[in-house]
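In the numbering used here, the protein residues as written are 836 to 982.
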């Protein structure tokens, strides 16, 4: 899928490719015209109860977030500088932006855009009934190979 956006007199062009593999999404974005902007890629939202903290496991190229509502995991397979776990959104820092849960958390991959074409690649997992970490990592190998 290809799309364009106009921002302050310049055209930003993005071509996105999505592949699904069970509960995994393999994403690739080719971005041009976005020099000086930050590109963000997010996982599905992990629902959190009021006062609940997600368990975070940092991986070599990604991270896994777990809570009573399930699990989200994200891997940087190319182009992103870092990954964060975010529960505050908008300039206001609000946490109560999810319509189902009192709070939520997402894995956010971040990249600074430069001149020319920027290729961003990532793999994301989400499930309300996830396997344990060992099995999740075993299952992720196939999706990671697709990226």
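Note that beta-carbon positions come from the ideal geometry of N, C-alpha and C, so glycine has one too.
Rounded straight-line distance, which links the Cα of residue j to that of residue i
i           : j           : result
residue 949 : residue 868 : 8 angstroms
residue 909 : residue 844 : 33 angstroms
residue 912 : residue 901 : 21 angstroms
residue 967 : residue 942 : 18 angstroms
residue 972 : residue 980 : 12 angstroms
residue 952 : residue 842 : 17 angstroms
residue 956 : residue 886 : 33 angstroms
residue 936 : residue 960 : 19 angstroms
residue 907 : residue 915 : 18 angstroms
residue 853 : residue 877 : 14 angstroms
residue 947 : residue 976 : 27 angstroms
residue 870 : residue 970 : 39 angstroms
Residue span of the beta strand (DSSP E) that contains residue i, given as start and end
i            : result
residue 946  : 938 to 947
residue 853  : 845 to 856
residue 1049 : Here the chain covers residues 836 to 982 and nothing more, so residue 1049 does not appear.
Distance between beta carbons of residue j and residue i, contact taken as under 8 angstroms
i           : j           : result
residue 860 : residue 849 : No, residue 860 and residue 849 are not in contact; Cβ-Cβ is about 16 angstroms, not under 8 angstroms.
Assigned exposure category for residue i - 16 Cβ within 10 Å defines buried
i           : result
residue 839 : exposed
residue 881 : buried
residue 898 : buried
residue 890 : exposed
residue 873 : exposed
residue 978 : buried
Where the alpha helix (DSSP H) through residue i begins and ends
i           : result
residue 970 : 968 to 981
One or two residues paired with residue i in a DSSP bridge
i           : result
residue 911 : 957
residue 920 : 942
residue 893 : 898
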